[in-house]
Amino acid sequence: MGVAALLVLLLAYPGSCAELEGRRLAVHVLGRLGYGARPGEAERLAREGVDAWIARQLAPESIVDPACAAVTARYPSQGMGPAELFEEYPQPKQARLLGMFDREAKPQRIIEEAAAAKLERAAVCQAQLAEVMTDFWFNHFNVDARKGPLKWLFTSYERDTIRPRAFGRFRDLLGAVAHSPAMLVYLDNAQSTVDARYAPREDLVALGRMEERMAEKGGKRAKLGLNENYARELLELHTVGVGGGYSQTDVTELARVLTGWTLVRPNAKKGVVGFQFRPRMHDAGEKTVLGRRFGPDGGQREGELALDMLARHPATARFIALKLCRRFVSDEPPAALVERLAAKFTAADGDVRVVLAALFASPEFRSEAAFRAKVKTPYEFAVSLLRATRAELRDPLQAARALVRLGQPPYLCEPPTGWPDRADAWISAGGLLERLRAAAAVTRGGPNAPAAADAAVVAPRAADARASVDALAAALLGGELSERTRKTLEDRLDDPEIRRGRLDDAPRPADERLLAALVLGSPEFQRR
2 MGVAALLVLL
12 LAYPGSCAEL
22 EGRRLAVHVL
32 GRLGYGARPG
42 EAERLAREGV
52 DAWIARQLAP
62 ESIVDPACAA
72 VTARYPSQGM
82 GPAELFEEYP
92 QPKQARLLGM
102 FDREAKPQRI
112 IEEAAAAKLE
122 RAAVCQAQLA
132 EVMTDFWFNH
142 FNVDARKGPL
152 KWLFTSYERD
162 TIRPRAFGRF
172 RDLLGAVAHS
182 PAMLVYLDNA
192 QSTVDARYAP
202 REDLVALGRM
212 EERMAEKGGK
222 RAKLGLNENY
232 ARELLELHTV
242 GVGGGYSQTD
252 VTELARVLTG
262 WTLVRPNAKK
272 GVVGFQFRPR
282 MHDAGEKTVL
292 GRRFGPDGGQ
302 REGELALDML
312 ARHPATARFI
322 ALKLCRRFVS
332 DEPPAALVER
342 LAAKFTAADG
352 DVRVVLAALF
362 ASPEFRSEAA
372 FRAKVKTPYE
382 FAVSLLRATR
392 AELRDPLQAA
402 RALVRLGQPP
412 YLCEPPTGWP
422 DRADAWISAG
432 GLLERLRAAA
442 AVTRGGPNAP
452 AAADAAVVAP
462 RAADARASVD
472 ALAAALLGGE
482 LSERTRKTLE
492 DRLDDPEIRR
502 GRLDDAPRPA
512 DERLLAALVL
522 GSPEFQRR
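This note's numbering puts the first residue of the sequence shown at 2, with every later residue one more than the last.
Shown next, in the form of structure tokens:
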């Protein structure tokens with residue numbers, strides 16, 4: 002299938018307002034609450050019923066999964082805290098001083114292991130929704146692991162801040178993020194102070210964005226004082242959203258409220274890297290944010306009250322509802338659904354589990370119009386590729402590096418906006434070509450392949466090429482193959498690569514692994 006033909010089919014994918022049921026509903030649920038079905042999984046779920054499965058996914062703590070637990074154990078850095086990571090994976094200069102020349106001891110190894118563990122967990126773990134929601138919230142509260150000391154902080158940020166609160170109250174998650182060293186450093190609030198004389202001078206902060214600013218200013222130390230970065234993103238990206246009714250004055254006032262929210266002095270020997278409120282850095286004056294007065298002399302409590310206000314703001318309810326509907330329903334979700342979810346968010350005091358349960362029970366979520374209405378991000382494509390082909394992950398580290406070529410390396414999204422969740426960000430000829438290459442690499446396998454598909458899935462040994470298309474569509478797509486896509490595939494059956502010979506040669510079995518790659522490149526597989 003040519004890339005141009007794939008683009009046309011992908012953009013023209015139809016929808017319907019009818020209700021999903023049976024196997025199609027199972028395929029839909031597995032692709033939205035998780036990263037797609039494994040062979041035979043949709044049929045099994047259709048028999049057992051999707052509602053019980055959804056209920057289990059909403060309570061991931063009840064799912065016992067030794068294979069998933071074993072994933073973390075395979076990556077040493079995944080079990081370490083920031084202080085231990087500082088010690089085990091020092092900066093190159095410090096490593097040279099300590100006589101450490103092992104490549105695996107470099108800080109980059111932390112990012113590589115985290116990406117590999119993320120990919121493997123998403124591919125094998127039974128608690129699929131937990132992986133989806135951890136990814137969703139990390140992206141919502143995005144930090145870039147390459148920034149300064151973030152490479153030593155982001156692992157704990159995801160493991161200890163995001164993951165345990167993915168289904169809880171939004172206020173609890175918002176507060177944990179606001180106190181996290183990763184966010185305090187990434188958006189510079191650790192440096193924000195009313196008086197430059199009391200700005201933190203610890204190594205951890207010096208490693209942050211200040212380095213970049215100093216480089217931009219020819220090596221001169223950046224002027225210390227009030228920093229609005231976190232306050233701005235707290236309003237724009239984390240809570241009320243762009244249309245939430247705030248002004249630049251609100252940003253400045255909120256930044257004043259949050260002065261003094263910084264870090265404990267990092268101490269690897271004592272294992273200390275955490276939040277600390279420093280009164281001397283705090284602006285004790287009176288402030289007004291979104292019409293509410295804070296202070297004077299309220300100290301840390303001012304920030305906590307501001308977080309309370311923002312977590313329960315009606316604009317926050319609408320913004321979070323919109324993002325959840327966009328993730329689980331469509332790029333442009335029905336306004337009525339967003340409003341109902343926002344009302345549920347408010348009534349449940351931001352209980353994410355309650356909101357998700359309402360979303361998954363909604364007729365909009367279960368409609369034919371929502372079926373394969375979302376284009377997979379590169380990461381979603383990669384995980385679903387591994388699951389659909391029942392691939393063996395032989396070298397997860399190398400497999401995770403392929404996400405760089407696909408355009409979505411985990412933990413390396415630079416802007417605080419996080420990765421986009423709309424089709425127009427990911428549909429391109431170059432991007433689709435990389436997906437086809439990735440699919441071909443997995444279906445082809447080989448002794449040195451980092452991931453190799455199960456031969457029983459991608460090489461079913463059908464009677465002829467057209468039967469191979471049917472068998473592969475059943476195994477990889479749950480049998481869902483449009484007539485238009487089928488015709489496009491069948492038009493390729495006389496291709497010498499697939500026939501494995503010239504047109505005048507005697508008939509030979511089709512190259513089913515190549516056919517499987519083409520099926521995995523179809524619009525049906527690019528969508529979820």
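Built from N, CA and C at the ideal position, the CB exists for glycine as well.
Check                                                                                                         : Outcome
Outcome for Val520 when other beta-carbon atoms lying within 10 angstroms are tallied against a minimum of 16 : buried
CA-to-CA distance, Val28 to Glu516, given in whole angstroms                                                  : Glu is not the amino acid found at residue 516; the sequence shown has Leu there. Rounded to whole angstroms, Leu516 to Val28 spans 22 Å at the Cα level.
Meets three-Cβ-pair contact criterion under 8 Å: the segment 76-92 and the segment 154-161                    : yes
Enclosing alpha helix (DSSP H) for Lys324 [first to last residue]                                             : Pro315 to Phe329
Boundaries of the alpha helix (DSSP H) in which Lys488 is found, first to last residue                        : Glu484 to Glu491
Which residues DSSP lists as bridging Ala453, in chain order                                                  : Glu393
In DSSP terms, what Thr289 is bridged to                                                                      : Arg294
Burial state of Asp425, where buried means 16 or more other Cβ atoms lie within 10 Å                          : exposed
Proximity of Ala285 and Gly296 at Cβ, strictly below 8 Å                                                      : yes
Residue range of the unbroken alpha helix (DSSP H) whose run includes Trp153                                  : Leu151 to Ser157
Closest residue to Gln58 among Ala439, Val72, Pro411 and Tyr36 (Cα-Cα distance)                               : Tyr36
Burial state of Thr250 (16 or more Cβ within 10 Å)                                                            : exposed
Whole-angstrom distance between Thr194 and Gly264, CA atom to CA atom                                         : Note that residue 264 is Leu in the sequence shown, not Gly. Computed Cα separation, rounded: 13 Å.
Collapsed DSSP secondary structure at Val376 in the structure displayed                                       : strand
Outcome for Lys488 when other beta-carbon atoms lying within 10 angstroms are tallied against a minimum of 16 : exposed
Proximity of Ala197 and Leu225 at Cβ, strictly below 8 Å                                                      : yes
Per DSSP, cross-strand counterpart(s) of Ser368                                                               : Glu20
Ala456 and Val443 closer than 8 Å at C-beta                                                                   : no
Cβ-heavy atom distance, Ala452 to the ligand ZN, below 7 Å                                                    : The ligand ZN is not part of the structure shown, which contains no ligands of any sort.
C-alpha distance - Gln109 paired with Tyr380, whole-angstrom precision                                        : 20 Å
Length of the line joining the Cα atoms of Arg493 and Ala460                                                  : 17 Å
Beta-bridge partners of Phe276, as assigned by DSSP                                                           : Leu264
Proximity below 8 Å, CB of Pro411 to CB of Leu404                                                             : yes
DSSP three-state assignment for Arg110, whether helix, strand or coil                                         : helix
Buried versus exposed, by CB contacts within 10 Å (16 or more), Ser63                                         : exposed
Nearest neighbour of Phe382, chosen from Ala118, Glu369 and Ala401 [CA to CA]                                 : Ala401
Three or more C-beta pairs below 8 Å linking the segment 171-178 and the segment 256-263                      : no
Arg529 (DSSP reduced to helix, strand or coil)                                                                : coil
Three-state secondary structure (DSSP) of Asp66                                                               : coil
Rounded separation between Glu365 and Cys414 - CA only                                                        : 31 Å
Proximity below 8 Å, CB of Glu121 to CB of Val72                                                              : yes
Three or more C-beta pairs below 8 Å linking the segment 129-145 and the segment 41-52                        : no
Exposure label - Val243; buried when at least 16 CB within 10 Å                                               : exposed
Residues sharing a beta bridge with Asp352, DSSP                                                              : Arg170
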